[in-house]
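Asker: In the numbering used here, the protein residues as written are 95 to 1248.
Every residue gets a Cβ at the ideal spot worked out from N, C-alpha and C, and that includes glycine.
Below, the structure is given as structure tokens:
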């Protein structure tokens, strides 16, 4: 250890061979130091370094000035202590994704059939009288095309390769988008550090060992550190230890701060001691095989199930992992993998998967029937009617026939299975997520986007979401006078003014500042807590400056700080006077602080007695009028503790925060965002109820809610305060009763003075409620750490990107990058659009499926050969699956989406109108195809293509059938753009370039296939007249679509029955039996993922594994998880706790968020 180098000047070069030589402490020393806790750590620091300042000196940093920020110095620190970056798990390579796509069952069947077909085509039977084999051999030798037999097999293989590549590419780009999104979220995470004496914000990745970081309420710590100075600091370390109790931190007793933990109260300064893979979170990731280190090999020996449970995949499978861990304590790798995929489905994907499975089953039955009928017909015809005997030399020819039948059967199956469904969902969601970025929605969980379309209720915060969060003091009550505008400083007594200015300047976070505007003529920039900014603004309006006062009383001189939290609703700072006495400045919500005041400063600046009746009068005459103008009222007060009284008992808070002297009450205005009233009106038109949940008092809340349009005069609604709300919903034992809650929430519009628990209770109550026609889907907005539980519980949680704390962002599904309510309306629009896009695709897909399957089946049964060949079917499959999903899933949303009611949870995927369209178009297409099939040769005056022998060249007849079929699909794709029975199917088509290019591209490819496809595609070139007829018949689809939409759905009474009927026998049983309970399963799955309160630094699964790893004999890191009851102690999922192999009964430990 290079202690002797500790006093070198900072400029010297790094000692050769020992990178740590430049600093008075090595990385390993710091690592082992960070593994100690509380008393041990304090002693170790004292014994080794003297104190924290001593450690700062060895790290060549100053606890006041911070680092110099010199690039050379930062580079040395990177070399010696590592970077603050935990490398993500390697993404799957393209080849791995190809291999996964190849696992598809239908594709495997096709591959096998194609290979058999290929093998047989190269096998020529020795001699043998071809006549003796019956019709089987006819046409082969005559055409001299025996060599062409391999083409079909090769073409099938080729199409399989294309399908696989397309699927793999989609998966790959999806993965890439997720990674991009993840890194974007990480880049946006900034942290406050001191460099060269300036407080600056840098991105988390730039933090180095030796940085002095400022930490405050709501932060997620990005690196390990040692506390230099803290005010009332409490940390939630549950993400590392599993203990849900908050841990009090202080420089004297427990100064160790760990990365990945959340600051729940207070503020402070720390020196960063470990970053990246050397921080506590990094060590855990390394243990779990995320860091590509040598340690991985060690870990592999201990059982981390080959790191499969650790798919630390961005965004997607975090919830997946939680549920897997609960299923089994030591899951097998395979099972794990399955569980991951199972869990990623949202409600919509659940519905779709079930639908696809049912369609697939029907397709399987149809294809099996096709094969059986074909083989029977052939056998009976050849050996029965023609009376031939099976000759040995004819065997290969017969087998070739059977293989051909099998290929036809498989093709029917391929066309029947809508593998485009998952693709459509993925494309639609990925496209929406990308576009939502432009609308200021950063989507963290894909399914949130689609859930949002079904939202029926939004519980919104007031400050910052509905209002501008630019607070300004507009009224004040000072010296017995209520000023309706900010008073001139010379009106107020100098002593009172002095006390007021000192109180505001000192008793507010020093990170809160008002900076000059960025642009000339702009508004000054508010940094930090907005309410405090308003008060500092008042100081500036009084022609005073807060900075000199702060310079005179730096944070180090604070004797004690009671920071603001949601239960106190006030903040106080204690200073020690020169004579040994103390002065405490307080500020907070006026009705709370005034209750603790026993004196008030009068017009002369002298304290006079302030009795409860004076207080009631003041509330009536000052506070309520202010609140009715929509102002938030803050009371500023102080208290002196004389030196004679000795040191007060600082821990008995109730005695300390009492006997205050009121200096002033100010009214702070937070203007409503100009665009909010219109956005709320849109929500109400769209059938979404907006509720306001705020910590402000009821009069302010009511005034703002009326301005926003949440409360409409003359309507029957409820505005409750938290206390009253709890009285109405809880029984005598204090438990929440769903029946009581059901009486309250439908009319509740404003919940004021609410605690985080109230918000959580309300959200949970609305979600669990079964009153009303449909189940409610609830979105919640929040910005504070205290909103965590409600954001987690909601179907969709929106966190504020600018004002939101890290904890809130971590608990949310979507981050609003501009903190604006109108962005939520955009999210609703996109969500509904996803749902509609998928319905459009379904309508198109099912029409094609029904027609293709029936044509292939009947054609095969009547003419022994499917009119649509295997390769043609695969091409149809490609256009209707991959390309159509691309075209229909990228329709941009329109305002008209907001004019209908939400679908709710239980809406079937296929509405009656869609059913009408599907059946109507299927009838049209079948009539046309069968007419062409059985009378086409007469209409077009060409040779019939029916009953062609094996390997015969393609006929014009069947080419026309194939071409017409594709043309009809193309024009029906345009019809499918509308699903609610609208007439104008071209409306807004130019706004979707992808759709236009897909339709045009498909058309051009079709021309190429028909004219030049030849043998592989079983096509023969058509002349211009035949082409025009094909296109003309295709256009008929559009006219037929108009006809169908002219028939009113409600007249077609049978449709409902038909809808159910078809679903019964055929495929989409979807809504009937499965609707009610299945959707609830999917919903429960979604819920299960939403139980956990905090996800810790990255993913809760990591912690589960860590707890497990440590218990299975990982004694190497003794301090890291000394107390290891399971992480699940944060929520009441007792069952999960039992299955974790934890020896401690985790479920009994107190719960954090619930």
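1. Counting only runs of 4+ residues fully inside the stretch 130 to 162, write out the alpha helix (DSSP H) ranges in chain order.
2. Buried or exposed for residue 539, going by 16 or more other Cβ atoms inside 10 Å?
3. Between residue 546 and the rest of its own chain, which residues show a CB-CB distance below 6 Å, the 5 nearest in sequence each way excluded?
4. Confirm, please, whether the CB-CB distance from residue 844 to residue 805 is below 8 Å.
5. Determine, using beta carbons only, whether residue 152 and residue 143 come nearer to each other than 8 Å.
6. Quick check: the Cα distance between residue 481 and residue 198, rounded to an integer number of angstroms?
7. So who's on the other strand from residue 613, going by DSSP bridges?
8. Residue 370 to residue 600, Cα distance in whole Å?
9. Excluding sequence positions up to five away, which residues of its chain have a Cβ less than 8 Å from the Cβ of residue 477?
10. So, does the CB of residue 833 fall closer than 8 Å to a CB anywhere in chain C?
11. In three-state DSSP terms, what is residue 735?
12. For residue 1022, which residues from the same chain have a beta carbon less than 8 Å from its beta carbon, with the 5 sequence-adjacent residues on both sides left out?
13. With a threshold of 16 other CB atoms inside 10 Å of the CB of residue 457, please say whether the residue is buried or exposed.
14. Within a Cβ cutoff of 7 Å, which residues of the same chain sit near residue 860, ignoring the five residues on either side of it in sequence?
15. Can you check DSSP and say which residues form a bridge with residue 340?
16. Look up residue 404 in the DSSP assignment and say whether it is helix, strand or coil.
17. For residue 523, collect the residues of the same chain with a Cβ closer than 8 Å to its Cβ; drop the 5 residues on either side in sequence, then sort them by chain order.
18. Exposed or buried, which one is residue 316 when buried takes at least 16 other CB atoms within 10 Å?
19. I'd like to confirm the pairing. Which residues does DSSP put opposite residue 1089 in its beta bridges?
20. The beta strand (DSSP E) that contains residue 664, what's its start and end?
21. Quick check on the DSSP output: the beta strand (DSSP E) that includes residue 360 runs from which residue to which?
22. Could you tell me which uninterrupted alpha helix (DSSP H) segments, each at least 4 residues in length, are contained entirely in the stretch 961 to 1017, listed from first to last along the chain?
23. With the cut-off set at 8 Å, would you say residue 307 and residue 254 are in Cβ contact?
24. Would you list, in sequence order, the uninterrupted beta strand (DSSP E) runs of no fewer than 3 residues that lie entirely inside the stretch 507 to 556?
25. Is it right to say residue 283 is buried, meaning 16 or more other beta carbons lie within 10 angstroms of its own, or is it exposed?
26. May I ask which residues mark the beginning and end of the alpha helix (DSSP H) holding residue 688?
27. Would residue 836 and residue 874 be called neighbours here (beta carbons separated by less than 8 Å)?
28. Please report the residue range of the alpha helix (DSSP H) in which residue 1124 lies.
29. Are the CB atoms of residue 675 and residue 737 nearer to each other than 8 Å?
30. Report all residues from its chain with a CB closer than 7 Å to the CB of residue 663; omit the five preceding and five following residues, and keep chain order.
31. Roughly how many angstroms separate the alpha carbons of residue 779 and residue 314, rounded to a whole number?
32. If you follow the beta strand (DSSP E) that residue 779 is in, where does it begin and where does it stop?
33. Three-state secondary structure (DSSP) at residue 462?
34. Rounded to whole angstroms, what is the Cα-Cα separation between residue 289 and residue 162?
35. Quick one: residues in its chain with C-beta nearer than 6 Å to the C-beta of residue 86, no 5 flanking neighbours on either side, listed in chain order?
36. Shortest alpha-carbon distance to residue 919 belongs to which of 258, 1080, 771, 1106?
Answerer: Let me spell this out:
1. If only uninterrupted alpha helix (DSSP H) runs of at least 4 residues are considered, those enclosed by the stretch 130 to 162 are 132 to 143, 146 to 152.
2. buried
3. 890, 921, 922, 925
4. yes
5. yes
6. 42 Å
7. Beta-bridge pairing links residue 613 to no other residue.
8. 36 Å
9. 483, 484
10. No chain C appears in this structure, which consists of one protein chain only.
11. strand
12. 1058, 1062, 1127, 1130
13. buried
14. 551, 839, 870, 872
15. 330
16. Note that residue 404 scores a pLDDT of 28, beneath 50, so its modelled location is shaky and nothing firm can be said.
17. 540, 541, 543, 544, 928
18. buried
19. Paired residue(s): none; residue 1089 is not in a bridge.
20. Residues 664 to 670.
21. 356 to 368
22. 964 to 972, 978 to 982
23. Cβ atoms of residue 307 and residue 254: not closer than 8 Å.
24. 535 to 537, 551 to 554
25. In summary, residue 283 is exposed, with fewer than 16 beta-carbon neighbours lying within 10 Å of its beta-carbon over all protein chains present.
26. 684 to 689
27. no
28. In the DSSP assignment, residue 1124 falls within the unbroken alpha helix (DSSP H) covering 1118 to 1140.
29. yes
30. 682, 683, 686
31. When rounded, the distance between both Cα atoms is 39 Å.
32. No beta strand (DSSP E) contains residue 779, which is instead part of the alpha helix (DSSP H) from 770 to 779.
33. helix
34. Inter-residue distance for residue 289 and residue 162 is about 6 Å (C-alpha atoms, whole angstroms).
35. Shown here, the chain extends from 95 to 1248; a query on residue 86 therefore has no answer.
36. 771
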